[in-house]
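To start, the structure itself, in structure tokens.
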Amino acid sequence: MSWQDLTKSWQDTTVDYCDVCGNLLIHTFWQFADGDATLRACRQGDEALWHRLKGYRAGYPPVDHTPPPGLVAAARD
Amino acid sequence: MTTSPRWRVGMDTGGTFTDLVALSDQGQLLLRKVSSTPRSPSDAVFSALERTGLDLTADLDDFVLGTTIATNAVIMRRGAPVILLTTAGFEDVLYIQRIDRPGRYDLQWVKAEPYAPRRSTVGVKERVLADGTVRLALADEEVDRVIETVGGLLAEHDGAAVAVSLLNSYLNPDHERALAAKLRAAFPQVAVSLSAEVAPVWREYERTATTAMDAYVSPIVQRFAHTLATGLDERAMSGWHALMKSNGGQVPLEHSADRPIELVLSGLAGGMMGGGYWARAVGSDKAVTLDMGGTSADVGVVVDGQLQYTGLFEVEWGVPIAVPIIDVSTIGAGGSSLAYVGNDGLLHVGPASAGADPGPVCYGRGGTQPTVTDANLVMGRLHPEHFLGGELSLDAESAEAAVGELAESLELDVDAAAEAVLTLAVENMAGAVRLVTVDRGHDYREFDLVAFGGAGPLHAAAIARHMRMRRVIVPPTPGLVSAFGTIISDQRVDRRMTAVRRLDSPEATDLAAILARLAREAHAELAAQRRADATGDIVVTTYVSCRYVGQNYEQEIRTYRGHLDRSYESVIPASPDDPDLDTRLVEMFHASHARVYGYDLPEQAVQSVYVGATALLAGGEVKFVPYTRTTPNPRISTRRVQVGDGVWADTVVVDRAELQPGYALNGPAIVEEPNSTTFVPPGYRMEVDGTYCLIIEAVDGLGESLDTGADA
Amino acid sequence: MSTRTGTDVDKITLTLVHRQLVNTCDEMAVSMMRTAYSPIFSEGLDFSTLILDREGNLVANAGLNPSMLGASLYAATWIVREVGAENFAEGDVYIHNDPYRGGSHMPEHMMVMPMFVDGELVAFIGNIAHMAEIGGMAPGSFAATATDVYQEGLRLPPVLFYKGGEPVRDIWRIMLANHRTPNDSWGDLHAMYGSLQVGRRRLEQLMEERGTDLVTRVFSGIQDYTEAALRENIRALPDGVYHGIEWFDDDGITATPYAIRLSLVVEGDEIIFDYSRSDPQAVGPINAPYVVTMSASLNALLYMIGTDLPVNAGLNRPVRIVTKPGTICCVQLPGACVGGQTEYQPRVMEMIMGQVLGPLLPERAAASSGNTSLNFLFGGIDPRSGDYYAHYHFEATGWGGRMGTDGNNATMPPHANCRNTPVEIFELRWPWIHESYRLARDEVGAGRLRGGAGVVRVLEVAAETISVSALSDRAHQEPWGLFGGSDGSRTRIDISPAGSDEFVSFQQHFGLVSPTKFTNVRLHRGDRVRLTSPSGAGYGPPSERVPELVAEDIREGYVSPEDAESVYKVRLDAAGDVDPAATARLREGTSA
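Residue numbers (the working numbering), protein chains in the order written: chain A, 1 to 77; chain B, 78 to 789; chain C, 790 to 1381.
The following block contains the structure:
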């Protein structure tokens, strides 16, 4: 629930990602907790977004893992 | 008077009116304006000629006509059926095009229809490679098969023409020529267009599209030229008879169907030439010409007195013509452009037009949708009784009713709706100005705006203010500048082809020889067409366009300008045996690249792409007094006019025929003459200069106090 | 984050100055197009020119290529924040192509130059361009079998390319030493730099004329305007959650399909694109960095509800793109991702425009286009010159049918807007000979408005060897029809070895994992390649197509007489004209 610094030395060219949206974290991140998990976000508002999305996600239909027929046929070949 | 005056007649066919200007060698001026007769365009030409009252059999030295016959065939898709021959395997070239599109976010965009349908396209088994060598020779049996197939298609399609465009024919035209010889022998009545003759440039889509369009307009141009020639013969009309070409030059009537593609912009070339003339006359180094008539507005650029040219013109998005043409951008914005609420709920003005028939609502000929002219009438900028010198009285009430209906659907009052219509028309024209300036590296704010055509002077000040352009220049008799422009135009022949050569190889290229050949061809064609009474010399200009090897766009390097017919070899610096041409081109190209783009790459190889030659025979000088009733004290009246921002003001109205050079007044003001009306907004000052042009400038700064421009 | 203080610029001034900014970008674009070397950006127009505020937020662009939208919106802000605004100096130019720092994929290079007035940083001028060759495992730098980003070419985080107006030669030398066609790179990089100078001159003029203060207020004013207008358009959509799913055939490494799953939440004047349930990131290069997912989402939205909006960073505010790191929609270092831009992006865009928003806005929607760029890369030594060459080639596809019109033939899918290379120029530049380049007329998807045709190109190798690679998709599943329209056709990449008359698929002939994704296959003189791009799908039931159009389709080769009867329920007479009575009977039969 606070802004944190993301410190990297100059020779470190890796990048870090926002746990809420996947965008890059630059220099700072917003840290918040959800249960046991600690999350890093690129915007302060992402904390609210995270909880809002949980509500929507609960209502999504189940994940469809069945590829269309053309792909099924190709996989059989 | 001992000798009777000799007359030069110039004419211009617009979508709405056909205009005539006659100038005598004694400085007299005759103007005639008649309604166009789109179904039979030559009717209007003859009726205008007859209304001059001149003795057509004896008084005329010149008759030059700018015609929209080919333009309309192209735009309205009323050309002849085209049978297209391509290399087998590439029959869809006109359908595939260049695979890109104009806007970014439009899923509803529709690609342009080809001028030759697939079912009239015949693939020919032959193949020339990219170095001009033959991979698959054109067999006699194949020629026979093609001739038979074409015969079948000709039987199905009445009045068809044939276009031939084979791969790499710009390098090696043998197969095209062989086909053409057989086609012409087998079907002597049928027009055959060859890509290697029409536009010997690379890029198969652009070349094929140009060739197909040449065939598409060919029968129509032939018929028109024939009807016109017959009509002129019947009247035993004296003098030289010519049509305007898209390059701003004249072509004698009997040769006009030789290269029909060269007439596609005939109808607007006169306006460009006329605009160029007046830009030079008032000493403007940089000018944008705006020719706004009934159905469209044509916008061109004049730098240091010279019109600009392009080797690639698009008649609509994605439909190119690859022949040298005056660089002009045309939009559907004219006095008769319709104003309507589109499907998006927004106001639109043009490109749909009420044309000459029925015309604007106020013409009282059955038009019901409001137009730009109706909006001007509602705002008091046009006088109902002074239109066309009073020949046509405008019905203000019906115009107001029509604009009122539009206003209702926009939830505006009539006044505001009329002003919105003008604002949008101005914005459309501003877009056209941007195209010919910014896209070509010019800053329009350094340009004057030369405005003419019947409707140009009504809107010019608003455009200039909107775009912060320098001055507005309104030439004398603005409604007839296009017709005037045909009289003062030159005879001009252009030749252009692709010749890709690296200029860094130790051996000299053949560029000098190609230039010499093109120069001779252009010169010879013009010499053959030269009018008998012309006194000047033919001037030939040659150029090579170059680029760094790897680039895709070129810059034109002029190599020669001179008199070919005196002693060709001795005056042309780029003569066939000039060993230095390549080196000189390279040096000039580096310098040019640095000048235009801010850097050059001296270590990089340079190549040529296009080479071209232009032969020019200058038209004679003209001298005339445009207005003969001028007085130091012109009559001034006033009327209520909506001068912008919803403000109605008492506005000064003067008759242009009475204004002497030096006369000046401040806006708001209206200058009336039979063929046009000029509006001077508040904050602007107008002065008549020595050439009788009206010069309109902002009084101080940019006239910020009031905005009649767009963006509202 | 961007400032949103009141800008109090009147609307006319705002519109005018903004248009001048766009014109400046246009001029930068013309300069770049006319001077560049790689055909992909001079003929292909695969570039964008940008003006950004002093934080790197996009203000105006001459975007000739929609697929660069995400990077245009995001890459510069990364550069500015990573480098630190205080570290820019007059005459500096940074270059950058890192998909792990806001870039789309590595061939696209961005240059950014700061602009100062009276010593104060006021703006950035930028551009993005697709360079044809940047090294990596395959000529043309489009390796379909790359399994990490290091195989895809030379990666540049934001590095100083010009310092105080002078080239930083060490960086130039590193780049040129790693590109296969350094001469083209040399020309392209100069074209990009030259266009920045054009932009700077024009922007300086504008600031002189209008005052820096006004121009910078327009910077934020125009972003506010776009935000407000987009919010208004979103508000017109019914609130709710809408779902879509799309599939990749495979990733080039394993023959496994990958799913992109979107749940789109409309809530008042805001939209959330939630991609978090998409499949884990692929081994091969079909993955998308976050900005590509952003690009696809915003582009789709602009097509559907924001057609005429000024494109700038204001677009980002009412829209939130949510992905899960480590999925195909948000690849994590060091995942390969060169195909995200050209394959993933159209797949996602058209899913949104057809499946997800199509039912809400049927008059704006379209059935699926061929929906692949059919990237085909090749390189080798040209026997005519002895020079090394490498080229990045792509094909047009057919567009899907729309409410008012049939799909366009042979047009770039909606995510891109590039030109083809004319056959005559193609053969001058590279050692191939075309046998044909035509439309796949008989493959269009049937519908009330039918799909447009893709293309078939047959090429013969005219050198001892040419090394070819491909990165495409849609070989196993046709573009989908909409509202009862039929599907389009599939991508095929076939070969006919020298001396043979038969074509077989590359996959079969060379024993490849994927029919559309392979790297460095060696071909020899006389081998012929046939590229068939997919044709578009249909919109609405074929049995509702105007019968006269079906008759015309037969004459023009789009529909067979058999399909006219069985699919379109149209019967023709002997002359090929519609038999109205028989057609009516046929059609009644179907509706009964």
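All residues carry an ideal CB built from backbone N, CA and C; glycine is no exception.
Out of the options, which has the shortest C-alpha to C-alpha gap to residue i?
i       : options                            : result
B:G457  : B:L487, B:A431, B:L499             : B:L499
B:A356  : B:V376, B:Y182, B:D381             : B:D381
A:C42   : A:G35, A:V63, A:V20                : A:V20
C:P1107 : C:E1184, C:F1272, C:T1015, C:M821  : C:T1015
B:N324  : B:G530, B:D567, B:L97              : B:D567
B:T134  : B:D525, B:D235, B:Q684, B:L309     : B:L309
C:E1132 : C:G1115, C:P1114, C:S1158, C:K1113 : C:S1158
B:G411  : B:S373, B:A399, B:A431, B:Y440     : B:S373
B:I550  : B:D472, B:R572, B:I564, B:D525     : B:D525
C:M1153 : C:A1089, C:P956, C:N1197, C:V1367  : Here residue 1153 of chain C turns out to be Arg, not Met, going by the sequence shown. With distances taken between Cα atoms, C:R1153 lies closest to C:A1089.
B:I173  : B:Q185, B:I160, B:P194, B:R181     : B:P194
B:V491  : B:T307, B:E474, B:A507             : B:E474
C:P1330 : C:V1004, C:V1257, C:R1374, C:R1239 : C:R1239
C:P1148 : C:I1282, C:L1312, C:Y1031          : C:Y1031
C:L1248 : C:E1216, C:G1270, C:G1236          : C:E1216
Kindly give me the distance between the Cβ atoms of residue i and residue j, rounded to whole angstroms, as I take these residues to be in contact under 8 Å.
i       : j       : result
C:D1348 : C:G1277 : Strictly speaking, residue 1348 of chain C in this sequence is Val, with Asp absent from that position. At roughly 14 Å, the Cβ-Cβ gap does not stay under 8 Å, so C:V1348 and C:G1277 are not in contact.
C:Y951  : C:D881  : 6 Å
C:S1210 : C:P928  : In the sequence on display, residue 1210 of chain C carries Thr and not Ser. With a Cβ gap of about 16 Å, C:T1210 and C:P928 do not count as contacting.
C:I1170 : C:Y1177 : 6 Å
B:S559  : B:G348  : 4 Å
B:R712  : B:D727  : Wrong, their Cβ atoms sit about 16 Å apart, outside the cutoff.
B:T660  : B:Y637  : Going by Cβ atoms, the distance from B:T660 to B:Y637 rounds to 16 Å, so no, they are not a contact pair.
Measuring only the C-alpha atoms, how far is residue i from residue j?
i       : j       : result
C:P1135 : C:D1068 : 17 Å
A:M1    : A:L71   : 45 Å
C:F877  : C:R1050 : 41 Å
C:R890  : C:G1124 : 13 Å
C:R1230 : C:R944  : 42 Å
B:R762  : B:L742  : 6 Å
B:T445  : C:M900  : 55 Å
B:Y769  : B:F561  : 15 Å
B:A621  : B:W279  : Note on identity: in this sequence residue 621 of chain B is Val, with Ala being the wrong assignment. Cα-Cα distance, rounded: 15 Å.
B:K202  : B:L260  : 16 Å
B:L213  : B:R578  : 25 Å
A:Q4    : A:D46   : 14 Å
C:M1083 : C:I1110 : 6 Å
C:A1044 : C:R969  : 30 Å
B:D291  : C:E1267 : 40 Å
C:G1073 : C:Q1297 : 20 Å
B:A589  : B:L580  : 12 Å
Going by DSSP, which residues form a beta bridge with residue i?
i      : result
B:Q684 : B:R579, B:R624
C:I829 : According to DSSP, C:I829 bridges with nothing at all.
B:M763 : B:L742, B:I773
B:D96  : B:D89, B:K110
Next item on the list: Can you check the region 1 to 45 of chain A for any beta strand (DSSP E) of at least 3 residues that lies completely inside it and give the ranges in chain order?
Entry: 2 to 5, 28 to 34, 37 to 41
Notebook entry, point to check: What residue ranges within the region 469 to 494 of chain B form continuous alpha helix (DSSP H) runs of no fewer than 4 residues, ordered along the chain?
Noted result: 473 to 487
Notebook entry, point to check: Can you list, in chain order, the stretches of the alpha helix (DSSP H) that have 4 or more residues and sit fully within the region 215 to 258 of chain B?
Noted result: 217 to 233
Item checked: Segments of 4+ residues assigned as alpha helix (DSSP H) that fall wholly inside the region 353 to 439 of chain B -> none
Item checked: Contiguous beta strand (DSSP E) assignments of at least 3 residues, all confined to the region 1254 to 1331 of chain C -> 1254 to 1260, 1281 to 1285, 1306 to 1313, 1317 to 1321
Checklist line | Whole beta strand (DSSP E) elements within the region 152 to 186 of chain B, 3-residue minimum | finding: 159 to 164
Checklist line | Complete alpha helix (DSSP H) runs within the region 1206 to 1261 of chain C (minimum length 4 residues, chain order) | finding: 1212 to 1218
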